[in-house]
Amino acid sequence: MSIDELEVLVRALGLPYQKRGNAILTSYKMETGEEIGIVISLEQETESIRVAAPLDVEPF
104 MSIDELEVLV RALGLPYQKR GNAILTSYKM ETGEEIGIVI SLEQETESIR VAAPLDVEPF
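Take the position in the sequence shown, starting the count at 1, then add 103; the result is the number in the numbering used here.
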C-alpha cells in the first residue's frame with residue numbers, strides 16, 4: 104500500500120485532510136461537536152499503517 108492509496112481511502116470517508124510526507128493528518132468531529140486530530144502514517148520498510156489520535160494534537 105502507498106500513501107496515495109491511503110489518501111484515496113481518507114477522501115472516500117469524506118474527512119478533511121492534509122498529506123505530509125508519509126503521513127495524513129485528518130480530523131473527526133464527534134456527535135458532541137468536539138473535534139479530534141488523527142494521524143495516519145505509513146512505514147514504508149514494513150508497509151505498516153499506524154493510526155494515532157493523540158490528545159495533545161489540535162485539529163487543523
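Where is the CB? At the ideal position from N, CA and C, for every residue including glycine.
Who are residue i's beta bridge partners in DSSP?
{"i": "residue 145", "result": "152"}
{"i": "residue 136", "result": "DSSP lists no partner for residue 136."}
Among the options, which one has its Cα closest to the Cα of residue i?
{"i": "residue 106", "options": "143, 130, 132", "result": "143"}
{"i": "residue 133", "options": "141, 126, 109", "result": "141"}
{"i": "residue 118", "options": "149, 129, 125", "result": "129"}
{"i": "residue 57", "options": "148, 108, 149", "result": "This structure gives no information on residue 57, because the portion of the chain shown stretches from 104 to 163."}
Starting from residue i, trace the alpha helix (DSSP H) in both directions and tell me its first and last residue.
{"i": "residue 112", "result": "106–116"}
Can you tell me the Cβ-Cβ gap for residue i and residue j, rounded? I've got them flagged as a contact below 8 Å.
{"i": "residue 120", "j": "residue 113", "result": "5 Å"}
One question on the structure: do residue i and residue j come within less than 8 Å of each other, judged by their Cβ atoms?
{"i": "residue 156", "j": "residue 139", "result": "yes"}
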